[in-house]
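Peer 1:
Protein chains in written order, with our numbering: chain A, 1069 to 1251; chain B, -19 to 128.
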C-alpha cells in the first residue's frame, strides 16, 4: 500500500471544515505519533454477518437517562494519551443534567435544530461564562468554545418547541509539533 | 460596564450550506453546524475540528476510499431524544483495502485509526434522520489520501 501523499483535495467534509477554520493556521501532524491507544470504553456495537477485524472500531456509547430523555456519551484517548469525550444531549435535557462549573479541559459545544431547519433550535439558552459570570444568550444553531478552567453554565430558558440537540466535545490539549533535531 | 471576555467564543447562526461544497454531500445531508475562521482565530487552546449535521436519506456517501495520517472519528447518533441507542438506520462501512464491510444500526462513534483506509459508507436503510459529523480529537489538518 502506497502512503505517498498527494495534493490535498478540498472536497471532503474534513477538508472543507479545515478550510473554513483556517484562520489560525493548522496544527501540523506528527507522524511519529501512533494511534495505538484504544479509544472508547464500552466496546464495539457492530453486527456484521461475518466476523470482521474492524468491528472493534465501531464504538458503543454510554446512554444516560434524565427523566425519559437520553444522552449519548463516549470517552477515549488521543494518540498522545490525552482524554477526549463526545456527548450528545437533547437540548430539553440540559437543565436536568445540571452540568456546571469549570472543567480541566477545553470544550467545544454545538447546538443544532431539526433536520429540516437546523438553524432553529426552538428555544433560548442562557450561557454564563467566567469567574465574573458573563451572560450570553443563543436562540439559533451555534458553536461555542470554552477554554480550560473557565466556569460555564448553560440554562434552557423555555421548553424547546422542537427536538434540538447539544453536542459537547472535550478536547485534548493543543498539539504542538516538537522541534526537529538539529543535524 | 459588563465584561465581554468570552463573547468571541460564541458563534451564532453557525450554519454552513452544503452547496458551498459543490456536489459534496448531495441531497443526503442537512446544512451543517461548525465554527468559522473568526472563532478559530480567537482560540489559543485546543482546536475543535468537527462538524455536526443530519443524514436525511439513505444512500452512499460521496467520499471515495481514503485514509488520513491521523485518527478520525465519525459520529452516528440517534435523533430520537427518548431513544438515543437506536440509530433509526442501517449503516455499512468499508474498512481496509479489501473493503471489509462492518454494519451497525445503533448509535456509535466510528473510529478510523491513522493510515487505515475507509469508505465507502453506505446508509442502507433509513427510518428517520440521524445526527452525523466528524471529530478529530487533535484538531489536525485534513490530509486526505486516496485509497484503493
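Even for Gly, the Cβ is constructed at its ideal location relative to N, Cα and C. From a predicted model like this one, the values you see are computed outputs, not experimental measurements.
So within the segment 1176 to 1212 of chain A, which uninterrupted beta strand (DSSP E) runs reach at least 3 residues, ignoring any that extend past its ends?
Peer 2: List check, beta strand (DSSP E) in window: 1193 to 1197 and 1202 to 1206.
Peer 1: Within 8 Å, do at least three Cβ pairs link the segment 1132 to 1151 of chain A to the segment -13 to -5 of chain B?
Peer 2: In short, these stretches do not touch, since the Cβ pair count stays below three.
Peer 1: By the three-class DSSP mapping on this structure, what secondary structure does residue 66 of chain B have?
Peer 2: Residue 66 of chain B falls in the strand class under three-state DSSP.
Peer 1: Can you tell me where the beta strand (DSSP E) holding residue 1242 of chain A begins and where it ends?
Peer 2: That residue, residue 1242 of chain A, is in no beta strand (DSSP E); it is neither H nor E in DSSP.
Peer 1: Counting only C-beta atoms, is residue 1176 of chain A closer than 7 Å to chain B at any point?
Peer 2: Answer yes: the Cβ-Cβ gap between residue 1176 of chain A and chain B drops below 7 Å somewhere.
Peer 1: Taking 7 Å as the threshold (beta carbon to beta carbon), is residue 89 of chain B in contact with chain A?
Peer 2: By this cut-off, residue 89 of chain B is an interface position.
Peer 1: So residue 1130 of chain A is in the beta strand (DSSP E); what residue range does that whole segment cover?
Peer 2: Unbroken beta strand (DSSP E) run through residue 1130 of chain A: 1130 to 1134.
Peer 1: Okay, do the segment 19 to 35 of chain B and the segment 1228 to 1244 of chain A touch, 3+ Cβ pairs below 8 Å being the bar?
Peer 2: Yes, since at least three Cβ pairs between the segment 19 to 35 of chain B and the segment 1228 to 1244 of chain A fall closer than 8 Å, the two stretches touch.
Peer 1: Work out the CA separation of residue 90 of chain B and residue 116 of chain B for me, nearest whole Å.
Peer 2: About 12 Å.
Peer 1: Between the C-alpha atoms of residue 88 of chain B and residue 1129 of chain A, what's the straight-line distance to the nearest angstrom?
Peer 2: Rounded to whole angstroms, residue 88 of chain B to residue 1129 of chain A spans 6 Å at the Cα level.
Peer 1: Within this structure, are the beta carbons of residue 1213 of chain A and residue -11 of chain B separated by less than 7 Å?
Peer 2: Contact flag set, yes.
Peer 1: Going by DSSP, what residues sit across from residue 1223 of chain A in a beta bridge?
Peer 2: For residue 1223 of chain A, which the question treats as bridged, DSSP gives the partners A:1194.
Peer 1: Using the three-state DSSP reduction, which class does residue 1170 of chain A fall into: helix, strand or coil?
Peer 2: The answer is coil: DSSP assigns residue 1170 of chain A none of H, G, I, E or B.
Peer 1: Can you pull the chain A residues whose beta carbon is under 7 Å from the beta carbon of residue -8 of chain B, in chain order?
Peer 2: What residue -8 of chain B touches in chain A: 1206, 1208 and 1210.
Peer 1: Provide the residue span of the alpha helix (DSSP H) that contains residue 55 of chain B, from first to last.
Peer 2: Premise fails: residue 55 of chain B lies in the beta strand (DSSP E), 52 to 57, not in any alpha helix (DSSP H).
Peer 1: With distances taken from CA atoms, which of B:74, B:85, B:21 and B:81 is nearest residue 44 of chain B?
Peer 2: Out of B:74, B:85, B:21 and B:81, B:74 has the C-alpha closest to the C-alpha of residue 44 of chain B.
Peer 1: For the segment 94 to 107 of chain B, which residues have a CB atom closer than 7 Å to at least one CB atom of chain A, in sequence order?
Peer 2: So the list reads 94 and 95, given in the order they occur along the chain.
Peer 1: Below 7 Å between beta carbons: does that hold for residue 1162 of chain A and residue 1201 of chain A?
Peer 2: No, Cβ-Cβ distance for residue 1162 of chain A and residue 1201 of chain A is not below 7 Å.
Peer 1: Do you know whose CA, among A:1198, A:1203, A:1155 and A:1173, lies nearest residue 113 of chain B's CA?
Peer 2: Here the closest residue by C-alpha is A:1155.
Peer 1: Using the beta-carbon count (16 or more within 10 Å), is residue 1184 of chain A buried or exposed?
Peer 2: Classification of residue 1184 of chain A: exposed, given that the 10 Å Cβ count is below 16.
Peer 1: Quick check: is the beta carbon of residue 1162 of chain A nearer than 7 Å to any beta carbon in chain B?
Peer 2: So, not an interface residue.
Peer 1: So, does the CB of residue 117 of chain B fall closer than 7 Å to a CB anywhere in chain D?
Peer 2: Judged by its chain identifiers, the structure shown contains no chain D, and its protein chains are A and B.
Peer 1: Let me make sure I understand the geometry here. Which of B:86, B:76 and B:59 has the alpha-carbon closest to that of residue 66 of chain B?
Peer 2: Of the listed residues, the one whose Cα sits closest to residue 66 of chain B is B:86.
Peer 1: Looking at the unbroken alpha helix (DSSP H) that takes in residue 18 of chain B, where does it start and where does it end?
Peer 2: Its alpha helix (DSSP H) spans residues 17 to 22.
Peer 1: Name the chain A residues whose beta carbon is nearer than 9 Å to that of residue 8 of chain B?
Peer 2: Here the premise fails: no neighbours, minimum Cβ distance about 11 Å.
Peer 1: Under a three-way DSSP split, which group does residue 42 of chain B fall into?
Peer 2: Of the three classes helix, strand and coil, the one that applies to residue 42 of chain B here is coil, per DSSP.
Peer 1: Around the Cβ of residue 127 of chain B, are there at least 16 other Cβ atoms within 10 angstroms (buried) or fewer (exposed)?
Peer 2: Per the 10 Å Cβ criterion, buried.
Peer 1: For the beta strand (DSSP E) containing residue 1156 of chain A, name the first residue and the last one.
Peer 2: Run containing residue 1156 of chain A: 1151 to 1158, per the beta strand (DSSP E) assignment.
Peer 1: Between the segment 10 to 23 of chain B and chain A, which residues of the former have a C-beta closer than 8 Å to a C-beta of the latter?
Peer 2: Answer in chain order: 10, 11, 12, 13, 14, 15, 16, 17, 18, 19, 20, 21, 22 and 23.
Peer 1: Kindly indicate which three-state DSSP category residue 1123 of chain A falls into: helix, strand or coil?
Peer 2: The answer is helix: DSSP assigns residue 1123 of chain A an H, G or I state.
Peer 1: Is the segment 1118 to 1138 of chain A touching the segment 1172 to 1181 of chain A, taking contact as three or more C-beta pairs under 8 Å?
Peer 2: Because the criterion of three Cβ pairs below 8 Å is not met, the segment 1118 to 1138 of chain A and the segment 1172 to 1181 of chain A do not touch.
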